[in-house]
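In order, the protein sequence lines correspond to chains A and B.
To convert, note that position 44 of the first sequence is 44 in the numbering used here; the numbers rise steadily by one, no gaps.
To convert, note that position 253 of the second sequence is 1253 in the numbering used here; the numbers rise steadily by one, no gaps.
Ideal placement from N, C-alpha and C gives every residue a C-beta, glycine not left out.
Source: prediction; values computed, not measured.
Comments concern the structure below.
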Amino acid sequence: MQLLINGRHHEIEHGDEPLLWVLRDELGLTGTRYGCGVGICGCCTVLLAGRPVRSCQITAAEVGDRPIVTLEGLAERDADGEVVALHPVQQAFVENPLQCGWCLPGHVLTAVALLARDPAPDEAAIAEAAKPNLCRCGGYNTIKAAVARAAELARES
Amino acid sequence: MSAAKADPSDPVGRPRRWRVTRRRLLIGAGATFGSLLVGAPIVVEYGRPTLVQWMLERGTGPTEIPESSLVWFELTRDGITLHVPKIEMGQGIHTALAQIAAEELRVQPSRLTVVQADTARGFPAATMFTFGSTSVASLYTPIREAAAAVRAMLALAAAGQLGVETQQLTAADGTFQVAGTDRRIAYPDVIAAHHGPWQEPEEQPALRPAGEFTSIGRSVPRVDIRAKLLGEATYGYDARLPGMGYGAFAVPPRFGAELQSAEPGDAAGMPGVQQVVIDVEAGFAGVVADTRTRAWAAARALKVDWSDGTRVDTGALERQVTAGDGVVLRRDGSIRDALSRGRIVEAEYRTPMAAHAHLEPLAALARVEPGAVGKVEVWVPTQSPESVLEDLHAALGEDREVVVHVTQLGGSFGRKGGQHLAVEAARLSAATGRPVHVGWTRDTDLRQAFYRPPTHTTMRGSIGSDGMIRGVEQRSAAGDIIWAVAGLPEPVRSLLGFDPGGLLGLFLPYDLPAYRLVNRREQLPVPTGPWRGLGLMPNTFALESFLDELAEAAGTDPLTYRLAHLRQAGEQQERLRTVLRTAAQMAGWSESLPAGRGRGIACSGDVGTVVAVVAEVDLSDGRLRVTGLDVAVDCGLVVNPAGAKLQAQGSVVMGLSSALREELRIHDGQVVSDNFDSYQILGMADTPPVRVNFVGGGEVPFGMGEPVVGPVPAAVANAVRAAGGPRLRSLPLRL
């Protein structure tokens, strides 16, 4: 079967496996992370048809033909795959970085989805959207600042 | 970029022989043409100095000071690479080390590539062990000296190429300029044009005065963040090699259980299973499969028998850790006299076991070449490559060549210093002849860990008619931290009566006419070990809560009371006074709050850094909400304010998580809080604004990885009481 990931079709073998492991182990897209396997921590977040989902909680077969976006698919790239420009949310996290970075997929992709439906979220909306994702390094203050900055950057661009 | 890619074809640019010059620089032998390698000599002069010295004297630490480099620079026409031993797990040290080097090289920090060294490239593994908040502090001067020497060597070469004296050259932004002219030459061009041996400067070049710093002290962007945001950084769980299989192995059901027998059982015939590997003597039964989930399932289907192990539960462990008799560690003045009069205040405090709960579970990739002495190569997220190296030699044979590559770490907080899966991955690779990756599930990661040990502290103090403390008797007890992971015979540990890790934060920093401290250490039937700050946070919870109880009994404001007992002229006391006053000022300490709200203050010192925290809480709706935290830190010189602030905020959130949530529970010899539903860590919803100010400054940096975690739970507990709530004496705090 095939999956549509970051704008490209990929042939995959293990449709019965959680999407997380198909992305990471079968396709080598290790920017999607394993943290708990039960849908709590948010490290495995991907965008499925634009909505953040826990990729540990859905099999590849259940995805069907809906498009998937992972951390690797956010930046603008040229024909050779070289990064031309970071996504505004990525740029905002460059300016407001987290520490170890393992949880970044959850925070970044959740923010991308938030800004798609609410280009100018207030602090409460940012906190509400980011709430389900853990960060053991304790960067919660920074995450709020990064998402607010991302909204600014997205409006400017 | 500091990402350590799991790329076996990565050419090894290793300076194999070092020549020690009279100025103790190490210059890579053979590096005479078109490139320059310069390293700084090993200096073991920092980092919990007494502990290190103590261990060296007793032969429990590294047995020899390795004759190798702490850091080295590699300059080619393509750029400058800084090879560092110390490991990035989120602290931001690779960025800080690049800034320090860039300062003396006269380049922008972003022009440096920071590379995590591995055990094959000139570093003895002992210099790589990353612990105790020592990385930036210990490398600050060596890196500056080495970088200044590199610049001087480039200047000598450039002067020759331009036909001028070195004194005529000024260096800025990676380029030499002949003073008074527009003649310039960039470093890469100097290197490209150079032939023959590099000339060394006659003297150690002067280091730039702090007042002229352009890189140190600035919040430059993190060197590793871009790769992490693009999904390109390689963590241990991400390490891959062509043709690799996925491994898993049976783990004991209870602490202390040992493998008695093992057979493939149903595992051999399960889908995707390629091999079952059993070595009962080594206590190992594992599988290799074509996917990770199939490997996990097959490992669970192995037919294994375990010995019983311990049946202990949390209650029994806490009863074992009971303060009382022990070893007297402090005896100042006459405590008997002090406690015979005055107003007596007594209290006891407990902290529970806790997990590190780093979000990247343990993982390792191994490739073992065929034959009894085939080379072993592993990619591991570890704080302690030397223990990985030793374990691999012990398990697979001393004659093997072993290389440990350190990946990025998805958090660690102490855990990845003493535990890793390299041996298991290597056993499976050796048996199957292919690379094998092993990654633990979250529940296995939480069940098979070592943990912050429980503590119990009883305090008894006396207050004179003037309200001042007459004396304090402190009895502390804790499970082992260092002894639990360092090999030293139990009789020796018993004789000493204390665990070095348990000493952190153990001593009251205040002026006390009489102070008696009796300590007790316990070897527990479950694994315990280092957790961020070791004893610092549990001990500070007890001491700084008790200071508030004394202040309350004396009818004095807790800040005033602390300052009144920090009157000695010593530097440490002065620095504590400064951080206490600063945090109080930040929080508006003297402004009154509505009913149901309150502020609490606490302070502590560790690895040269002192910290004060003011917490503000709101109990008005009947539950405990922390509404803000103000933090004042004196960590000496701050290399990267933004990075240091993240360390401080992160430490506060981790401390708050322990204050409000974390409690590792054990039943029937098993961890029962084994995922984030039952082992809850703090989330965004419960994290208030954390404001941080750095005060003090100075010539050199002190530690920033751990100290700020110290005062947080005590500050919150003190705030609860100030808000009209009960005095809470055990963690997590519950109304």
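| Asked | Found |
| --- | --- |
| Spatial distance of Thr1076/B from Pro1109/B (CA atoms) | 17 Å |
| Residue-level contact to chain B via CB, Gly28/A, 8 Å cutoff | yes |
| Short CB-CB distance (under 8 Å) between Phe1676/B and chain A | yes |
| Any 3 or more C-beta pairs closer than 8 Å across the stretch 1590-1605 of chain B and the stretch 1555-1575 of chain B | yes |
| Expected contact under 8 Å - CB spacing of Ala1425/B and Val1378/B to nearest Å | 7 Å |
| Rounded distance between the beta-carbons of Asn133/A and Pro1689/B, thought under 8 Å | Pro1689/B to Asn133/A, Cβ: 19 Å. No contact. |
| Within 8 Å, strictly: CB atoms of Glu1360/B and Gly1410/B | yes |
| Buried/exposed call for Ala120/A, threshold 16 Cβ in 10 Å | exposed |
| Start-to-end residues for the alpha helix (DSSP H) that takes in His1393/B | Pro1385 to Leu1396 |
| Inside the stretch 1625-1672 of chain B only - alpha helix (DSSP H) runs reaching at least 4 residues | 1641-1660 |
| 7 Å CB neighbourhood of Ala150/A in its chain, flanking five on each side removed | Pro88, Val89, Ala92, Ala111 and Leu115 |
| Cutoff 6 Å; reference Pro1201/B; Cβ partners in own chain excluding five residues on either side | Ala1152 |
| Residues of the stretch 97-125 of chain A with Cβ closer than 9 Å to any Cβ of chain B, in chain order | Pro97, Leu98, Gln99, Cys100, Gly101, Trp102, Cys103, Leu104, Pro105 and Val108 |
| Straight-line gap, Thr1314/B to Ile1666/B (C-alpha atoms, nearest Å) | 5 Å |
| 7 Å CB neighbourhood of Gln1168/B in its chain, flanking five on each side removed | Val1178 and Ala1179 |
| Residues within the stretch 1232-1263 of chain B neighbouring chain A, beta-carbon criterion of under 8 Å | Glu1232, Ala1233, Thr1234, Tyr1235, Tyr1237, Asp1238, Arg1240 and Tyr1246 |
| At least three beta-carbon pairs within less than 8 Å, the stretch 1634-1641 of chain B to the stretch 1332-1341 of chain B | no |
| Listed by chain order, chain B residues near Ala130/A by CB distance under 7 Å | Met1684 |
| Any 3 or more C-beta pairs closer than 8 Å across the stretch 1523-1538 of chain B and the stretch 1587-1594 of chain B | no |
| Between the CA atoms of Ser1412/B and Pro1453/B - distance to the nearest angstrom | 17 Å |
| Chain-ordered chain B contacts of Leu71/A [CB-CB under 8 Å] | Leu1229, Leu1230 and Gly1231 |
| Residues that Leu1409/B contacts on chain A, provided the C-beta gap is smaller than 9 Å | Cys100 and Trp102 |
| Unbroken alpha helix (DSSP H) run spanning Glu123/A, endpoints | Glu123 to Ala130 |
| Val1373/B burial status per 10 Å Cβ neighbour count (16 or more: buried) | exposed |
| Residue range of the unbroken alpha helix (DSSP H) whose run includes Asp1337/B | Ile1335 to Ser1340 |
| Met1586/B (DSSP reduced to helix, strand or coil) | helix |
| Any C-beta of chain A under 8 Å from that of Met1270/B | no |
| N-terminal and C-terminal residue of the beta strand (DSSP E) that Trp1306/B is part of | Lys1303 to Trp1306 |
| Contact with chain A by Leu1359/B, beta-carbon distance below 8 Å | yes |
| Proximal chain A residues relative to Gly1650/B, where beta-carbon distance stays under 7 Å | Gln99, Cys137, Gly138 and Gly139 |
| Stretch-stretch touch, CB-based, cutoff 8 Å, three pairs: the stretch 1224-1234 of chain B with the stretch 1261-1269 of chain B | no |
| Contact check, Thr1455/B vs Ala1477/B, beta carbons under 8 Å | yes |
| Thr59/A: contacting residues in chain B (beta-carbon distance under 9 Å) | Simply none; closest approach about 11 Å. |
| Burial state of Gly1371/B, where buried means 16 or more other Cβ atoms lie within 10 Å | exposed |
| Cβ shell of Tyr1515/B (< 6 Å), same chain only, five flanking positions each side left out | Arg1330, Asp1332 and Val1472 |
| Beta-bridge partners of Arg1599/B, as assigned by DSSP | Glu1616/B |
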